[in-house]
Amino acid sequence: MVRVEVSEGERIVHLQVDEAGERLDRYLVRALPDVSRSQVQRWIRQGRVTLDGEAARPGTPVRPGMRVTVQIPPPPSDEVPPQPIPLDVVYEDDDLLVVNKPAGMVVHPAHGHRQGTLVNALLARYPGLAVGDAGRPGIVHRLDKDTSGLVVVAKTEAALAHLRAQFKSRQVQKTYLVLVHGRPPTPEGIIEAPVGRDPRQRQRMAVVPGGRAARTRYRLLEDLGDYSLLAVWPETGRTHQIRVHLAWLGVPVAGDRVYGRGRRAVRRLGLARQFLHAWRLAFERPGGRGRLELEAPLPADLQEVLRALGARAMAG
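667 is the number of the first residue of the sequence shown in the numbering used here; add one for each residue after it.
Given below as structure tokens:
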């Protein structure tokens, strides 16, 4: 038996158990096919699920005749609130701007990150910005949350199409500064290996047969003993490409908690995040107005790491 009510935007679902021997969370996933197990467990923890009128745990067994009530919250609003967050604008014209994104900032809102993103800041600075997707207006490409450096934002639909086409055709040159553990097998090289979902851990990416073609060039800038400073050029734009390729090569990014030896780097270097910085960016401006080449200096936290390692290059 299923009965549904609607109250102040919430759906309230009343169920009567007809089979025994199943955990409450598994029963609800089966009874509510559009809901994931993690959502169900979160609602149980939040007190949104009762069993015969009483609070329950995800692992509580259900029996025939029991009454289950679930308060399903309304979906989050797609509207992104503007927030007056300071932005380091490196370049701006009528068509676009380029921002030096700090580490720790997410580019656009997503699950778990509805505020404090680059898009929230952009909407406060440009209230009329309505280019492309409403949830990520003007966003041409992304950087990981803990990667710092240059991000391009379009201010017009024509600029968005022009810039996206350049990224798709690999005409944009992106240069990253990366500190890695160890030393690469050659001072310069190309990593060409397909990247896809890790079949053992679906939240991660990996070099996998049948993955999407991915190509990364690198050059050794300075040998720092147990570490190496590299310039890296991703020629394709796969998710986590640089981090996955360098880990696969045997020289993981310092401070990378997912693909590298994050805790070791934190202890030895005081790194609070991965040492990955989108340093330089070069592309053609819309309207045939010439090529733009920009650079974002290495942030203070990464400069301090290089100074501690005795680096001669890029350490300020």
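Beta carbons: idealized from backbone N, C-alpha and C, even for Gly.
Just so you know, these numbers come straight off a predicted model, no measurement behind them.
Within 8 Å, strictly: CB atoms of residue i and residue j
i      : j      : result
ALA879 : HIS911 : no
PRO724 : ILE738 : no
VAL873 : ALA859 : yes
PRO748 : PRO793 : yes
VAL924 : ARG870 : yes
PRO965 : ALA796 : no
LEU896 : VAL846 : yes
TYR693 : VAL701 : no
VAL765 : VAL679 : no
PRO730 : ALA697 : no
ASP754 : ARG733 : no
LEU935 : VAL971 : yes
ALA722 : LEU681 : no
GLY798 : VAL746 : no
VAL898 : TYR842 : yes
VAL861 : PHE833 : no
LEU968 : PHE941 : yes
ARG933 : VAL919 : no
VAL822 : ASP761 : Note that residue 822 is Thr in the sequence shown, not Val. Yes.
PRO727 : GLU676 : no
ASP812 : ARG957 : no
ILE751 : GLY713 : no
Exposure of residue i, with buried meaning 16 or more beta-carbon neighbours within 10 Å
i      : result
HIS943 : buried
GLY926 : buried
ARG831 : Correcting the residue identity first, residue 831 is Ala in this sequence and not Arg. It is exposed - the Cβ of ALA831 has fewer than 16 other Cβ atoms within 10 Å.
GLY921 : buried
SER704 : exposed
LYS840 : buried
GLN978 : Before going further, note that residue 978 is Arg rather than Gln in the sequence given. The residue is exposed, with fewer than 16 neighbouring Cβ atoms inside 10 Å.
PRO612 : Because the chain here runs from 667 to 982, residue 612 falls outside it and cannot be looked at.
ALA962 : buried
PRO952 : buried
ILE856 : exposed
SER835 : exposed
ASP889 : exposed
ASP892 : exposed
Residue i - containing alpha helix (DSSP H), residue span
i      : result
GLN705 : 703–711
HIS807 : It is not in any alpha helix (DSSP H) - HIS807 carries neither H nor E in the DSSP assignment.
GLU823 : 823–834
LEU816 : It is not in any alpha helix (DSSP H) - LEU816 instead sits in the beta strand (DSSP E) that spans 814–820.
LEU789 : 784–791
GLN737 : First-last for GLN737: 733–738, but that is the beta strand (DSSP E), not the alpha helix (DSSP H).
GLY913 : The amino acid at residue 913 is misidentified as Gly; the sequence shows Ala. Start and end: 907–915.
VAL695 : 690–697
Where the beta strand (DSSP E) through residue i begins and ends
i      : result
ARG878 : Here ARG878 belongs to no beta strand (DSSP E), and DSSP marks it neither H nor E.
GLN969 : Here GLN969 belongs to no beta strand (DSSP E); instead the alpha helix (DSSP H) covers 966–974.
GLN839 : 839–847
HIS680 : 676–682
VAL746 : Run containing VAL746: none; DSSP gives neither H nor E here.
TYR893 : 893–900
ARG946 : 942–950
GLU758 : 755–758
GLU685 : It is not in any beta strand (DSSP E) - GLU685 carries neither H nor E in the DSSP assignment.
ARG863 : 861–863
ARG957 : 957–961
LEU763 : 762–767
ILE857 : 854–858
THR716 : 715–717
C-beta neighbour in chain C for residue i, strict 8 Å
i      : result
ALA859 : Among the chains in the structure shown there is no chain C, since it carries only a single protein chain.
- Query: Pairing CB atoms from the segment 888–905 with CB atoms from the segment 755–775, are three or more of them under 8 Å?
  - Reply: Judged by Cβ distances under 8 Å, the segment 888–905 makes no contact with the segment 755–775, as fewer than three pairs qualify.
- Is there contact here, the segment 780–792 with the segment 836–851, by at least three beta-carbon pairs under 8 Å? The count of Cβ pairs closer than 8 Å, one atom from the segment 780–792 and one from the segment 836–851, stays below three, leaving the stretches out of contact.
- Check whether the segment 934–948 touches the segment 809–825, counting contact only when three or more Cβ pairs, one atom from each stretch, lie closer than 8 Å. Judged by pairs of C-beta atoms under 8 Å, the segment 934–948 touches the segment 809–825, as three or more such pairs exist.
- Between the segment 823–841 and the segment 883–890, do at least 3 Cβ pairs fall closer than 8 Å? Cβ pair count under 8 Å is below three, so no.
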